Amino acid sequence: MRSLGEMMHEQCKTLFPIYRSITGDGFRQSLAILGERWSELKIVEIPTGTKSFDWDVPKEYNIKDAYIIAPNGEKICDFEQSNLHVLGYATPVNKVVSLEELQAHLFSLPEQPNAIPYITSYYKERWGFCIKHEEREKLVEGNYRVVIDSELKDGHLTYGELIIKGRTDKEIFLSTYLCHPSMANNELSGPVVTSALADWILSLTEREYTYRIVFIPETIGSITYLSRNLEVMKKNIIAGFNITCIGDDRCYSYLPSRDGHTLSDRAVIHALTYIDPEFKRYTWLDRGSDERQYCAPGVDLPVATVMRSKYGEYPEYHTSLDDLNVVTASGLEGGFNAAKQAINIVENNVYLKVNVLGEPQLGKRGLYPNLSTKESGSTVRAMMNLISYCDGSKTLLDIAELIGEPFYKLENILKPLVEHGLISSSRHPII
Numbered sequence: 064m065r066s067l068g069e070m071m072h073e074q075c076k077t078l079f080p081i082y083r084s085i086t087g088d089g090f091r092q093s094l095a096i097l098g099e100r101w102s103e104l105k106i107v108e109i110p111t112g113t114k115s116f117d118w119d120v121p122k123e124y125n126i127k128d129a130y131i132i133a134p135n136g137e138k139i140c141d142f143e144q145s146n147l148h149v150l151g152y153a154t155p156v157n158k159v160v161s162l163e164e165l166q167a168h169l170f171s172l173p174e175q176p177n178a179i180p181y182i183t184s185y186y187k188e189r190w191g192f193c194i195k196h197e198e199r200e201k202l203v204e205g206n207y208r209v210v211i212d213s214e215l216k217d218g219h220l221t222y223g224e225l226i227i228k229g230r231t232d233k234e235i236f237l238s239t240y241l242c243h244p245s246m247a248n249n250e251l252s253g254p255v256v257t258s259a260l261a262d263w264i265l266s267l268t269e270r271e272y273t274y275r276i277v278f279i280p281e282t283i284g285s286i287t288y289l290s291r292n293l294e295v296m297k298k299n300i301i302a303g304f305n306i307t308c309i310g311d312d313r314c315y316s317y318l319p320s321r322d323g324h325t326l327s328d329r330a331v332i333h334a335l336t337y338i339d340p341e342f343k344r345y346t347w348l349d350r351g352s353d354e355r356q357y358c359a360p361g362v363d364l365p366v367a368t369v370m371r372s373k374y375g376e377y378p379e380y381h382t383s384l385d386d387l388n389v390v391t392a393s394g395l396e397g398g399f400n401a402a403k404q405a406i407n408i409v410e411n412n413v414y415l416k417v418n419v420l421g422e423p424q425l426g427k428r429g430l431y432p433n434l435s436t437k438e439s440g441s442t443v444r445a446m447m448n449l450i451s452y453c454d455g456s457k458t459l460l461d462i463a464e465l466i467g468e469p470f471y472k473l474e475n476i477l478k479p480l481v482e483h484g485l486i487s488s489s490r491h492p493i494i
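Quick look at the structure:
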């Protein structure tokens, strides 16, 4: 039987060849593949020109083909070989140009000569191609036929919204983006892991909170979504997570909300501390994804970003080198588990109060181990430390932080204490 990581990696393989942008059919196709198992997924289409705060929804973009014919008849910068070869949102062109004119429309990376860069021009119309620098240096004088069969038209921006109801209207928010072409960690790891998280959330027999999960184009998608939903989001969201670049094996990392001290921040930090104590902690000044919009002044949502190797920090980022070798089954599964633990902390974080005066008699309730081992001793110490802080004013996460124990360990210790009536739990302080 395949592991969850292997299944997620297979889904990455399915999605990898599809050309995606901030609008267009590739985004819709990818969203349909991810969402085919959820009848609850709502597909929303926002017309071109729709005002979204300080922005306008751009024209819809679709492309069929792109290539250059060199003077010797060779086809280069072939869209069918790599969809990164064409400048994102490139306008249509079909003409013959000199090498000098062509060079003004080529983009390459001298410092990474074997990589095709990912370059976009969403908000200024131009045509262009992206090429490996080592191939660019081999171009000779002569005439080049440049062809981009694309279309910019009044159409729609598309996003997917999945609302999973819980016992209350208070929400946990998950956001990921689905707007880049063939780059595995930067693009596909986020939506694939988020999809697996949605499956897990749907499998829960009890949910305290409602879950708002969105699959959007980065930046313009989050701005557009906020412009339509900000009031209810500010009212209901208690924690949120931006999920991106979460599929490699190199490291774990975290970027805070602008506030830096929200429940979301604490949940990610706590989860990662016990997964990888050496995880990388960034600051708000290192931001670059949709946390910029969710935490903007006046929006102020409690959204933190959980990642493996952070966008912009790994060498393959925004190039053709960010392929399915960078993203691995174990990396995806590790990223899933990190995000799952952070979400679980928020979902199960309750206030606790012990119901007896003095230290409870655990032995008569069968809660004290009758065999002394190193492991049982550690569990007893954690149990007694947990109980000592159950004064009704502290949550399980508060106590986990105070006594230096992982949340999931205290969850297991707490369950029989609650079942025996020794400790009461509540979503609010217990006076």
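Residue numbers for the sequence shown, in our numbering: 64 to 494. Every residue, glycine too, gets a C-beta built ideally from N, C-alpha and C. Please read all numbers here as calculations on a predicted model, not as lab measurements.
Take P173 and list the residues in its own chain whose beta-carbon comes closer than 6 Å to its own, dropping the five residues that flank it on each side. Within the sequence shown, the letter at position 110 stands for residue 173. Taken in chain order, the residues that qualify are H196.
**Q.** N- and C-terminal bounds of the beta strand (DSSP E) containing H219
**A.** Translated into the one-based positions of the sequence shown, residue 219 becomes position 156. Here the beta strand (DSSP E) through H219 covers 219-227.
- Query: If we ignore side chains and look at the alpha-carbon of each, how far apart do E204 and Q356 end up?
  - Reply: As a first step, residue 204 must be located in the sequence shown, where it is residue number 141. As a first step, residue 356 must be located in the sequence shown, where it is residue number 293. Each residue's Cα considered, the two are about 46 Å apart.
Inset, instruction - Below 8 Å on the Cβ atoms is my guess for V120 versus P134; work out the distance and round it to an integer in Å. - result: Mapped onto the sequence shown, residue 120 falls at position 57. Mapped onto the sequence shown, residue 134 falls at position 71. That pair is no contact at about 41 Å.
Alpha-carbon spacing of R189 relative to T154, whole angstroms: The sequence position of residue 189 within the sequence shown is 126, counting from 1. The sequence position of residue 154 within the sequence shown is 91, counting from 1. Roughly 6 Å separates the two Cα atoms.
Could you say which of Y274, V417, F399, K427 lies nearest to T458 if we only look at CA atoms?
-> Locating residue 458 in the sequence shown gives position 395, counting from the first residue. It is V417.
Could you work out which residue in H324, M296, W101, A445 is closest to L265 when comparing CA atoms only?
The sequence position of residue 265 within the sequence shown is 202, counting from 1. Ranking the options by Cα distance to L265, first place goes to W101.
Q. Count the other CB atoms within 10 Å of the CB of K114; is the residue buried (16 or more) or exposed (fewer)?
A. On the sequence shown, residue 114 is found 51 positions in, with the first residue counted as 1. Exposed: under 16 other Cβ atoms inside 10 Å.
- Message: Suppose contacts are defined by Cβ-Cβ distances below 7 Å. Is Y414 in contact with I493 by that definition?
- Response: What you label residue 414 is simply residue 351 of the sequence shown in a count that begins at 1. What you label residue 493 is simply residue 430 of the sequence shown in a count that begins at 1. A contact, by the Cβ cut-off of 7 Å.
- [ ] Entirely within the region 331-375 and at least 4 residues each: give me those alpha helix (DSSP H) ranges in chain order.
- [x] 354-357
Point to revise | C-beta contact flag for L364 and I279 at 7 Å | key: Counting from 1 along the sequence shown, the entry for residue 364 is found at position 301. Counting from 1 along the sequence shown, the entry for residue 279 is found at position 216. No, these two residues do not count as a Cβ contact at 7 Å.
Between the alpha carbons of S238 and E464, how many angstroms are there, rounded?
To locate residue 238, count along the sequence shown from 1; it is residue 175. To locate residue 464, count along the sequence shown from 1; it is residue 401. Rounded to whole angstroms, S238 to E464 spans 27 Å at the Cα level.
Contact defined as beta carbons within less than 8 Å: I believe D311 pairs with V390. What is the distance between those atoms, to the nearest angstrom?
Locating residue 311 in the sequence shown gives position 248, counting from the first residue. Locating residue 390 in the sequence shown gives position 327, counting from the first residue. Contact holds; Cβ gap of about 6 Å.
Leaving out five residues on either side along the sequence, give the residues of the same chain with a beta carbon under 7 Å from the beta carbon of N412. Along the sequence shown, one-based indexing puts residue 412 at 349. T458, L459, L460.
Distance, A302 Cα to A359 Cα: Numbered from 1 along the sequence shown, position 296 holds the residue referred to as residue 359. Numbered from 1 along the sequence shown, position 239 holds the residue referred to as residue 302. Roughly 15 Å separates the two Cα atoms.
**OP:** Could you pull out every residue in the same chain whose Cβ sits closer than 7 Å to the Cβ of V255, ignoring the five residues on either side in sequence?
**Re:** Position 192 of the sequence shown holds residue 255. The residues are M71, Q74, C75, L395.
Quick check: the Cα distance between S66 and G397, rounded to an integer number of angstroms? Taking the first residue of the sequence shown as 1, we reach residue 66 at position 3. Taking the first residue of the sequence shown as 1, we reach residue 397 at position 334. Each residue's Cα considered, the two are about 12 Å apart.
What does a CB cutoff of less than 7 Å around I286 pick up in its chain, not counting 5 residues either side in sequence?
Here residue 286 corresponds to residue number 223 of the sequence shown, with the count starting at 1. Cβ within range, chain order: S115, F116, W118, Q356.
Requested in this report: Taking only the alpha-carbon atoms, compute the straight-line gap between G284 and N146 and give it to the nearest angstrom.
Outcome: For the purposes of this step, residue 284 is identified with residue 221 of the sequence shown, where counting begins at 1. For the purposes of this step, residue 146 is identified with residue 83 of the sequence shown, where counting begins at 1. Taking the straight line joining both Cα atoms gives about 22 Å.
Which stretch, first to last residue, makes up the alpha helix (DSSP H) that contains K298? Counting from 1 along the sequence shown, the entry for residue 298 is found at position 235. Per DSSP, K298 belongs to the alpha helix (DSSP H) from 283-299.
Q | Nonlocal neighbours in the same chain, by C-beta distance under 8 Å from L162, ignoring five residues either side | A | As a first step, residue 162 is located in the sequence shown; it is residue number 99 there, counting from the start. So the list reads L202, V203, E204, G205, Y207, once near-sequence residues are dropped.
Inter-residue spacing [alpha-carbon to alpha-carbon] between V210 and V369 = One-based indexing of the sequence shown puts residue 210 at position 147. One-based indexing of the sequence shown puts residue 369 at position 306. Each residue's Cα considered, the two are about 40 Å apart.
Less than 7 Å separating the beta-carbons of M446 and I476? In the sequence shown, the residue the question calls residue 446 occupies position 383. In the sequence shown, the residue the question calls residue 476 occupies position 413. For M446 and I476, yes; Cβs fall inside 7 Å.
Between G351 and P180, what straight-line distance do the alpha-carbon atoms span, to the nearest angstrom?
-> Numbered from 1 along the sequence shown, position 288 holds the residue referred to as residue 351. Numbered from 1 along the sequence shown, position 117 holds the residue referred to as residue 180. Each residue's Cα considered, the two are about 18 Å apart.
With DSSP as the reference, identify every bridge partner of C314, one or two as the case may be. To locate residue 314, count along the sequence shown from 1; it is residue 251. None; C314 has no bridge partner.
CA-to-CA distance, Y240 to L318, given in whole angstroms: For the purposes of this step, residue 318 is taken as residue 255 along the sequence shown, with counting starting at 1. For the purposes of this step, residue 240 is taken as residue 177 along the sequence shown, with counting starting at 1. Those two C-alpha atoms are separated by around 16 Å.
Between the Cα of I406 and the Cα atoms of C140, L485, M246, R329, which residue gives the shortest distance?
On the sequence shown, position 343 is the one that residue 406 refers to. Among C140, L485, M246, R329, the Cα nearest to that of I406 is on R329.
Notebook entry, point to check: Do you know whose CA, among K105, E103, L104, E123, lies nearest G496's CA?
Noted result: Because the chain spans 64 through 494 in this model, residue 496 falls outside it and cannot be assessed.
TODO: Classify Q404 as buried or exposed, calling it buried when 16 or more other Cβ atoms lie within 10 Å of its own Cβ.
DONE: As a working note, residue 404 is residue 341 in the sequence shown. Q404 should be labelled buried.
- Task: Could you tell me which residues DSSP pairs with W101 in its beta bridges?
- Result: Taking the sequence shown and counting its residues from 1, one reaches residue 101 at position 38. Bridge partners of W101: none, in fact.
- Item | Inter-residue Cα distance where the pair is I194 and L97 | Stepping through the sequence shown from its first residue, residue 194 is reached at position 131. Stepping through the sequence shown from its first residue, residue 97 is reached at position 34. Looking at the two C-alpha atoms, the distance is approximately 30 Å.
- Query: Measuring CB to CB, does G229 end up less than 7 Å from E164?
  - Reply: Stepping through the sequence shown from its first residue, residue 229 is reached at position 166. Stepping through the sequence shown from its first residue, residue 164 is reached at position 101. No, these two residues do not count as a Cβ contact at 7 Å.
Exercise for the section: Would you mind giving the Cβ-Cβ distance between L78 and T221, rounded to the nearest angstrom? I have them listed as a contact below 8 Å. Expected result: For the purposes of this step, residue 78 is identified with residue 15 of the sequence shown, where counting begins at 1. For the purposes of this step, residue 221 is identified with residue 158 of the sequence shown, where counting begins at 1. Not a contact, Cβ separation roughly 15 Å.
Handout entry: Sequence-distant residues of the same chain with beta carbon closer than 6 Å to H381, five excluded per side
Key = Indexing the sequence shown from 1 puts residue 381 at position 318. Same-chain partners within the cutoff: Y181.
> With respect to the alpha helix (DSSP H) encompassing R428, which residues constitute its N-terminal and C-terminal limits?
Replying inline: Against the sequence shown, residue 428 aligns to sequence position 365. No alpha helix (DSSP H) holds R428; DSSP gives it neither H nor E.
Using only CA atoms, which one of D128, I450, P244, E234 lies nearest to L384?
For the purposes of this step, residue 384 is taken as the residue at position 321 of the sequence shown. It is P244 whose Cα lies nearest to the Cα of L384.
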